[in-house]
Amino acid sequence: MKKVWKIILTFISLFSFMGCNNQTHVTLQATVLEVNEASLLVEPIDNRDYDKIRVEMKTVSSLSLFKVGDLILITYNGLINETDPPQFNKVYKIEKLE
């Protein structure tokens with residue numbers, strides 16, 4: 703009987719950990735307003751909650767790819783930190799659209 707309980711507990715543990723790796727990917731189009739050494743400042747398109755959002759350098763592979771006025775697509779985890787200006791919690795990818 704103990705062996706059966708061990709097997710059941712093993713399966714319960716495995717199934718409970720399987721759902722922990724779900725990552726949400728949300729996209730947002732934005733226009734680049736400012737490029738500096740550490741970050742981009744962008745203006746979201748069709749987002750009424752925020753007029754400007756900062757993208758930290760650690761999430762951008764090369765800031766030299768972007769110029770003021772560029773249209774970009776940002777893929778992030780759906781969370782925005784309530785700082786001034788707001789910042790993306792975690793950015794997965796930034797693509798230049800124009």
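Using our numbering, the letters of the sequence shown map in sequence onto residues 703 to 800.
All C-beta atoms, glycine included, are put in the ideal place defined by N, C-alpha and C.
Here the structure is a predicted model, which is why all the values come from computation and not from measurement.
Same chain, Cβ closer than 7 Å to Leu735, neighbours up to 5 away in sequence not counted
The residue you call residue 735 lines up with position 33 of the sequence shown. Only Leu743, Val744, Glu745, Lys754 and Val770 meet the Cβ criterion.
Strictly by DSSP, which residues pair up with Tyr752?
Mapped onto the sequence shown, residue 752 falls at position 50. None; Tyr752 has no bridge partner.
Name the DSSP bridge partner or partners of Ala732?
Taking the sequence shown and counting its residues from 1, the one referred to as residue 732 is at position 30. Looking at the DSSP assignment, Ala732 forms a beta bridge with Pro746 and Ile774.
With H, G and I counted as helix, E and B as strand and the rest as coil, what does DSSP make of Lys760?
Indexing the sequence shown from 1 puts residue 760 at position 58. In the structure shown, Lys760 sits in a helix (DSSP, three-state: H, G or I).
On the DSSP bridge list, what partners appear for Ser741?
The residue you call residue 741 lines up with position 39 of the sequence shown. According to DSSP, Ser741 bridges with Glu758.
Which one of Ser741, Lys705 and Val737 has the shortest CA to CA distance from Val793?
Position 91 of the sequence shown, counting from 1, holds the residue named residue 793. If we check each option's Cα against that of Val793, Ser741 comes out closest.
Pick helix, strand or coil for Lys705, following the three-state DSSP scheme.
Position 3 of the sequence shown, counting from 1, holds the residue named residue 705. Looking at Lys705 - three-state DSSP - the assignment turns out to be helix.
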